[in-house]
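Presented below is the structure to which this report refers.
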Amino acid sequence: MSNQQTFLEALEERGVSRRSFMKFCAITASSLALAGTHARLFAAALASAPKPTVIWLSFQQCTGCSESILRSFGPALSVENLILNVISLDYHETLQVAAGDQAEKCRKDAMQAAHGSYVLIIDGSIPANDKEFWACIAGNSALAHLQEAVNGAGLVIALGTCAAFGGVPAALPNPSNAYGYTDLLVDTKLVVNPKMEHKNLIEVPMVPGSNPPKPVPFVNISGCPPMATVITSTIALYLTKVKDLLDGKITIDDLLKVLDRYNATTNPMGILDYLYRPKPFYGDRGDPVVHTDCPRFPHWEKQEFAKSYGDEGARQGYCLLNLGCRGPQARNSCTRLGWNTDPNDGGLFKNSPTHAGHNCLGCSEPNFWDTGFDGGRERFRQGFYSVQK
Amino acid sequence: MLRLHEIPIVVVGPRSVQEEPPSSPSISVVLALLCEIETKLSVLATEGQDSTIDLRWLIGMPQEFELLVETLGQGEVSATVSNIGVSVVQETSIPCVWRVSHRDHEDKRLGEFIEIAEVPELLSSNRHAIPQGLAELGARRALLETPPVFPSIS
Chain A
8 MSNQQTFLEA LEERGVSRRS FMKFCAITAS SLALAGTHAR LFAAALASAP KPTVIWLSFQ
68 QCTGCSESIL RSFGPALSVE NLILNVISLD YHETLQVAAG DQAEKCRKDA MQAAHGSYVL
128 IIDGSIPAND KEFWACIAGN SALAHLQEAV NGAGLVIALG TCAAFGGVPA ALPNPSNAYG
188 YTDLLVDTKL VVNPKMEHKN LIEVPMVPGS NPPKPVPFVN ISGCPPMATV ITSTIALYLT
248 KVKDLLDGKI TIDDLLKVLD RYNATTNPMG ILDYLYRPKP FYGDRGDPVV HTDCPRFPHW
308 EKQEFAKSYG DEGARQGYCL LNLGCRGPQA RNSCTRLGWN TDPNDGGLFK NSPTHAGHNC
368 LGCSEPNFWD TGFDGGRERF RQGFYSVQK
Chain B
1399 MLRLHEIPIV VVGPRSVQEE PPSSPSISVV LALLCEIETK LSVLATEGQD STIDLRWLIG
1459 MPQEFELLVE TLGQGEVSAT VSNIGVSVVQ ETSIPCVWRV SHRDHEDKRL GEFIEIAEVP
1519 ELLSSNRHAI PQGLAELGAR RALLETPPVF PSIS
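Heads up: the sequence lines are chains A and B, in that order. All the letters of the first sequence, read from the start, carry residue numbers 8 to 396 under this note's numbering. All the letters of the second sequence, read from the start, carry residue numbers 1399 to 1552 under this note's numbering.
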């Protein structure tokens, strides 16, 4: 299938009707908190957007991000996974059949064919400096692979907390000197973790042919794992803008005017928070969205707290703050959108760690493995072990 | 303190929060929405511009949602669109105000919208697809016009 097809044409070829596409656009625009007029523009732009090529590079990761995105709770074709059915996933080490030199050739060919416009998804952290070769692919370091890939990308998505901020591999003592994508970029304004060494890493990639040079936009979609809806909506939003940006029909300023609800950043997406995550899903700085969307929030308001895991209060939905819950510090969509939602109650039931009875770990935040239990570490242990007495 | 295996199992419903006595719906929320509908309806009347109101935040307020539905009333037209699940388009008793409800294959609610338009876009057919339709129609007509061939009886 030619990659010159538009997104709508690719869908229609798969038997997806125009009305199904309109439904997808309405739901996706709603999840992106786009207002009525913008939602219609979004649908029109997405219809004519080119079918995207996606290159997926995996580094130090557990495959949880792939599992989250590629598994669907529903049937093969649903609103949630519609966009994943039409992207051209030209390289994904876990899913692809090709291996060895054949796989590498496929990757290079795909990158060349879509140079400047492919979506590069990276999951897993990247070892650097003296530990650069702790992760190697096809004889080259992960860092070298990343540098090559970002130079031709139209959008870089750092998927999952490992790719965004370092995640599990970067937890103390960080034996592999693992970095997230944001901290690899040699631009101190973009640094998330100032304690890490930022020398001799990768250069900020520029959009090929851009004049003046524009940095390749990137988005952090953090979470351990991240939520599928966030990734598909982010790709959809990017598709509506990339063609116009690359064709020079609109400038970054034009884009920012369209999305003037959101703060301007150096990033052409224009809707990112200070950690480069999409605000519609992660809220803005100071918004304790995991906490306020939590089903146990009404009990927090009444100051009703569980004393141990599984006690009567916990089962009645009492707040888990005294057990080390990081909900008030975490920003994510899990409590709002829910995992594995129950279809039988009209979507009101939102499954999330706190709903299941475990405190939030703050998995979408930087360094959560090291700071996730600070101050609550003893409470967490006591809350768990007290059940055993 | 009980040991883990001694804690009795209690099965609770989907809502672990104890149900409080039902309170009255917030009138102000519904009034605000009605004002927005009025404004957008006026724009449609004077400028001919369709618009949409996203009710996703109202889904979590079932009493207010029901009050809005009750206030808008029901019109003559109700349509079901089969598209990656089902979408229900319901005309309200207010001309050019429609309710659109999107659900997936398992009837999970995906979105609720108010459409202010003569006809919601979801119900319109695609004029640009007419050439393909004509071709398909021609093929089916040809099939009807071709007389059936019966084997000869010898």
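Glycine included, C-beta positions come from ideal geometry on N, C-alpha and C. Bear in mind that the values here come from a model prediction, so they are computed numbers and not experimental data.
Neighbour-count burial assignment, residue i, 16 or more Cβ in a 10 Å radius
i	result
residue 225 (chain A)	buried
residue 298 (chain A)	buried
residue 68 (chain A)	buried
residue 326 (chain A)	buried
residue 30 (chain A)	buried
residue 27 (chain A)	buried
residue 262 (chain A)	Low local confidence applies: a pLDDT of 47 at residue 262 (chain A) is under 50, so the model's placement there is unreliable, and no value is given.
residue 376 (chain A)	buried
residue 165 (chain A)	buried
residue 301 (chain A)	buried
residue 287 (chain A)	buried
residue 1481 (chain B)	buried
residue 1419 (chain B)	The pLDDT assigned to residue 1419 (chain B) is 48, lower than 50, so where the model puts this residue is not dependable; a value taken from the coordinates is nonetheless given after this. Exposed, by the Cβ-count rule.
residue 66 (chain A)	buried
residue 331 (chain A)	buried
residue 59 (chain A)	buried
residue 313 (chain A)	buried
residue 170 (chain A)	buried
residue 361 (chain A)	buried
residue 1539 (chain B)	exposed
residue 189 (chain A)	buried
residue 275 (chain A)	The predicted model places residue 275 (chain A) with a pLDDT of 42, which falls under 50 and marks its position as unreliable; any figure quoted below should be read in that light. Classification for residue 275 (chain A): buried.
CB of residue i within 7 Å of CB of residue j, strictly
i	j	result
residue 240 (chain A)	residue 38 (chain A)	yes
residue 161 (chain A)	residue 132 (chain A)	no
residue 1466 (chain B)	residue 1431 (chain B)	yes
residue 1511 (chain B)	residue 1448 (chain B)	no
residue 56 (chain A)	residue 236 (chain A)	no
residue 192 (chain A)	residue 211 (chain A)	yes
residue 1456 (chain B)	residue 1514 (chain B)	no
residue 49 (chain A)	residue 36 (chain A)	yes
residue 159 (chain A)	residue 99 (chain A)	no
residue 33 (chain A)	residue 93 (chain A)	no
residue 291 (chain A)	residue 280 (chain A)	yes
residue 1473 (chain B)	residue 1450 (chain B)	no
residue 242 (chain A)	residue 154 (chain A)	no
residue 345 (chain A)	residue 329 (chain A)	no
residue 117 (chain A)	residue 97 (chain A)	yes
residue 187 (chain A)	residue 167 (chain A)	no
residue 1508 (chain B)	residue 1479 (chain B)	no
residue 223 (chain A)	residue 163 (chain A)	yes
residue 227 (chain A)	residue 283 (chain A)	yes
DSSP state of residue i mapped onto helix, strand, coil
i	result
residue 328 (chain A)	helix
residue 1546 (chain B)	coil
residue 1453 (chain B)	coil
residue 1501 (chain B)	strand
residue 24 (chain A)	coil
residue 60 (chain A)	strand
residue 98 (chain A)	strand
residue 241 (chain A)	helix
residue 1538 (chain B)	helix
residue 37 (chain A)	helix
residue 13 (chain A)	strand
residue 343 (chain A)	helix
residue 1507 (chain B)	strand
residue 1470 (chain B)	helix
residue 186 (chain A)	strand
residue 234 (chain A)	coil
residue 46 (chain A)	helix
residue 1434 (chain B)	helix
residue 336 (chain A)	helix
residue 1490 (chain B)	coil
residue 1444 (chain B)	helix
residue 1459 (chain B)	coil
residue 1518 (chain B)	coil
Would you call the stretch 67 to 75 of chain A and the stretch 226 to 235 of chain A touching, i.e. three or more CB-CB distances under 8 Å? Verdict: yes, contact present.
- Query: Could you give the uninterrupted runs of the beta strand (DSSP E) lying entirely in the stretch 103 to 169 of chain A, keeping only those of 3 residues or more?
  - Reply: Note on the stretch 103 to 169 of chain A: whole beta strand (DSSP E) runs with a minimum of 3 residues are 125 to 130, 160 to 166, in chain order.
### Task
Give a yes or no on contact between the stretch 335 to 343 of chain A and the stretch 365 to 380 of chain A, applying the rule of three or more CB pairs nearer than 8 Å.
Enough Cβ pairs lie closer than 8 Å, so yes.
- Query: Within the chosen definition, does the stretch 1522 to 1533 of chain B reach the stretch 1492 to 1505 of chain B through at least 3 CB pairs nearer than 8 Å?
  - Reply: Here the stretch 1522 to 1533 of chain B makes no contact with the stretch 1492 to 1505 of chain B; the two share fewer than three CB pairs at distances below 8 Å.
query: Do the stretch 146 to 153 of chain A and the stretch 173 to 183 of chain A meet, that is, are 3 or more Cβ pairs less than 8 Å apart?
result: With a cut-off of 8 Å, the stretch 173 to 183 of chain A and the stretch 146 to 153 of chain A do not count as touching, because too few Cβ pairs lie within range.
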